[in-house]
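Chemist:
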Amino acid sequence: MAGLGLAAHHFLWDGRRPGQVPPRVPTTRSPASTVESPQDPCHQLYRMICQQSGTTRDPSGTVRTDRDGEQAALDAYRGILEEHPGLEPEQAEEQLVDAIYTPRRTQRVRSAFDWAKDQLEKFIDRQPEPVFSAREKRLLKGQLHHVELQLPPPASNYEDEPDLFTKNGAYYERVDEGRMRIRIGGAYLLSTDSWFNLVFTLAHELAHSIDPCELRALHLSLPAYDRLGACLMQQRVVELGRERHECADNDQLSEAFADWMAVQVVAKGLKHFSTEFDRTQLRHAVRNSVRDLCDQDESLEELDLTQHPSPEVRIEAIFGSHPVIREILGCPKLIPLPGPLLGLDRACDFSKGMNP
Ligand SMILES: [Zn+2]
Numbered sequence: 005m006a007g008l009g010l011a012a013h014h015f016l017w018d019g020r021r022p023g024q025v026p027p028r029v030p031t032t033r034s035p036a037s038t039v040e041s042p043q044d045p046c047h048q049l050y051r052m053i054c055q056q057s058g059t060t061r062d063p064s065g066t067v068r069t070d071r072d073g074e075q076a077a078l079d080a081y082r083g084i085l086e087e088h089p090g091l092e093p094e095q096a097e098e099q100l101v102d103a104i105y106t107p108r109r110t111q112r113v114r115s116a117f118d119w120a121k122d123q124l125e126k127f128i129d130r131q132p133e134p135v136f137s138a139r140e141k142r143l144l145k146g147q148l149h150h151v152e153l154q155l156p157p158p159a160s161n162y163e164d165e166p167d168l169f170t171k172n173g174a175y176y177e178r179v180d181e182g183r184m185r186i187r188i189g190g191a192y193l194l195s196t197d198s199w200f201n202l203v204f205t206l207a208h209e210l211a212h213s214i215d216p217c218e219l220r221a222l223h224l225s226l227p228a229y230d231r232l233g234a235c236l237m238q239q240r241v242v243e244l245g246r247e248r249h250e251c252a253d254n255d256q257l258s259e260a261f262a263d264w265m266a267v268q269v270v271a272k273g274l275k276h277f278s279t280e281f282d283r284t285q286l287r288h289a290v291r292n293s294v295r296d297l298c299d300q301d302e303s304l305e306e307l308d309l310t311q312h313p314s315p316e317v318r319i320e321a322i323f324g325s326h327p328v329i330r331e332i333l334g335c336p337k338l339i340p341l342p343g344p345l346l347g348l349d350r351a352c353d354f355s356k357g358m359n360p
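Quick note, the working numbering runs 4 ahead of the 1-based positions in the sequence shown.
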């Protein structure tokens, strides 16, 4: 989710890419402002969410830019080295981990992880029998159940990739048969404490454990997934390049799926708070849910658009088409999206296209 600077070199043992995030380029934008965006969320959701530069706040916390998070992590590391010039690199790393992965922050991430996992399981359980059979539900929930959230300390938990302490992002990977884990970059912990963003991020990563490509690697195929995938392609949420091969390295299906599942989860959270927050607070919570999906540097050059749909598609077509998000924003049910998304009459789901 949040930008992961070292994205490109994490691969699953079987060669498939993990559920990782696009590398993001540093931004040189102005510091935080508190100007409320005047954009109409029903037609310009991307602008409403992404237009404001710098830190954004909702009642649960803030989302800072990827660059701010990385800078804070590097500053912390520099501070440790200056204060203790004689430290061995491993000792300095241990101190950095203690400074970043504090009990308060890790507890917050763990509770968002638990909540997201529970909501994903409930979402699967709520699907009617024609969508998922009892066996399919057991299988999907079993996958989710086995995903571990692996956080330092100790620093040695990430000894195979110490760069992660100063990077943004979270990623999922299958380590070996039946063992799956999610890791979280230190810079992400420093940049984000919005509960809504944590929930979206962790739900997205968790969803990778049951994404279509992960199931394919396990030699499983589900008719409901085929329907959802066909809908995402029909609505051009998943780009259909001439060379598209399902689940190949340049395929966007699993990322679109993970976003789509994460939206189901965060929509529940937003709905829950919709009676406690006023309208402005609720819009801020909506914004922070997917705030880090914004293109953070105007230029698309360094954004990874091979695996991920564009930020605009992720925010407007996947996030913004969810009925609850639209209801919260006061938008009509029908979705008058521009350009290639014209004619999107209803959000994709597991039953769309099913014979009545
Ligand atoms: Zn992903």
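We put the beta carbon where it would ideally sit given N, CA and C, even for glycine.
Applying the 10 Å Cβ sphere with the 16-neighbour rule, what's the burial state of P216?
Modeler: Classification for P216: buried.
Chemist: Beta-carbon within less than 6 Å of C54's beta-carbon, same chain only, minus the 5 sequence neighbours each way: which residues are those?
Modeler: The residues are C298.
Chemist: Beta-carbon separation of H326 and A262 under 8 Å?
Modeler: Result no, Cβ atoms of H326 and A262 do not sit closer than 8 Å.
Chemist: Quick check on this structure: which residue in A116, L236 and P63 has the alpha carbon closest to the alpha carbon of P313?
Modeler: Closest option to P313, Cα to Cα, is L236.
Chemist: In its own chain, which residues sit with a C-beta less than 6 Å from the C-beta of R33, not counting the 5 before and 5 after it?
Modeler: With a pLDDT of only 38 at R33, under the threshold of 50, the placement of this residue in the model should not be trusted; the figure read from the coordinates follows. Here the set comprises S57.
Chemist: Which residues share a DSSP beta bridge with A1?
Modeler: One cannot answer for residue 1 here, as it falls past the ends of the chain, which runs 5 to 360.
Chemist: Is DSSP giving E125 helix, strand or coil here?
Modeler: In this structure, E125 counts as helix in the three-state DSSP scheme.
Chemist: Using beta-carbon positions only, say whether L219 and S225 come within less than 8 Å of one another.
Modeler: Going by C-beta atoms, L219 is nearer than 8 Å to S225.
Chemist: Find the nearest neighbour of L100 within the set D353, L193 and V267, judged by alpha-carbon distance.
Modeler: Answer by Cα proximity: L193.
Chemist: Go ahead and label Q111 buried or exposed: buried means 16 or more other beta carbons lie within 10 angstroms of its beta carbon, across all protein chains shown.
Modeler: Classification of Q111: exposed, given that the 10 Å Cβ count is below 16.
Chemist: Taking 7 Å as the cut-off, is the beta-carbon of E243 closer than that to any non-hydrogen atom of ligand 1?
Modeler: No - ligand 1 has no heavy atom lying nearer than 7 Å to the Cβ of E243.
Chemist: Closer than 7 Å by C-beta to L202: which residues in its own chain qualify, once you throw out the five before and the five after it? Chain order, please.
Modeler: Excluding sequence neighbours, L202 sits near R112, V113, A116 and T196.
Chemist: From I329 to Q238, what does the alpha carbon distance come to, in whole angstroms?
Modeler: The straight-line gap from Cα to Cα measures roughly 22 Å.
Chemist: Would you check whether ligand 1 has a heavy atom nearer than 7 Å to the C-beta of H223?
Modeler: Because no heavy atom of ligand 1 lies under 7 Å away, the Cβ of H223 does not count as near it: no.
Chemist: Taking all protein chains shown into account, do 16 or more other C-beta atoms lie within 10 angstroms of the C-beta of K337, making it buried, or fewer, making it exposed?
Modeler: Answer is exposed; the Cβ neighbour count stays below 16.
Chemist: As a quick exercise: from D167, T310, R108 and P134, pick the residue whose alpha carbon is nearest that of Y229.
Modeler: Ranking the options by Cα distance to Y229, first place goes to P134.
Chemist: To the nearest angstrom, how far is it from the Cα of Y50 to the Cα of P89?
Modeler: Computed Cα separation, rounded: 46 Å.
Chemist: Mind checking M52: buried by the 16 CB within 10 Å criterion, or exposed?
Modeler: That one is buried.
Chemist: Buried or exposed: which applies to D129, given that a residue is buried once 16 or more other Cβ atoms fall within 10 Å of its Cβ?
Modeler: With fewer than 16 Cβ atoms within 10 Å of its Cβ, D129 is classed as exposed.
Chemist: Measuring CB to CB, does L85 end up less than 8 Å from A96?
Modeler: The answer is yes: Cβ separation under 8 Å.
Chemist: So is the beta-carbon of E259 under 7 Å away from any non-hydrogen atom of ligand 1?
Modeler: Because some heavy atom of ligand 1 lies under 7 Å away, the Cβ of E259 counts as near it: yes.
Chemist: With a threshold of 7 Å, establish whether the CB of H208 neighbours any heavy atom of ligand 1.
Modeler: Correct: H208 has its Cβ closer than 7 Å to ligand 1.
Chemist: Grab the span of the beta strand (DSSP E) containing Q300 for me, first residue to last.
Modeler: No beta strand (DSSP E) holds Q300; DSSP gives it neither H nor E.
Chemist: At a cut-off of 7 Å, would you count A262 as near ligand 1, judging by its Cβ distance to the nearest heavy atom?
Modeler: Yes.
Chemist: With L148 and K121 assumed to form a contact (beta carbons below 8 Å), what rounded beta-carbon distance in angstroms separates them?
Modeler: About 6 Å; that satisfies the 8 Å criterion.
Chemist: Once you ignore the five residues that flank L286 on each side, which residues in its own chain have a CB closer than 8 Å to its CB?
Modeler: Correct list, in chain order: L274, F277, S278 and I332.
Chemist: When every heavy atom of ligand 1 is checked, does at least one fall within less than 7 Å of the C-beta of H288?
Modeler: Every heavy atom of ligand 1 is 7 Å or more from the Cβ of H288, so no.
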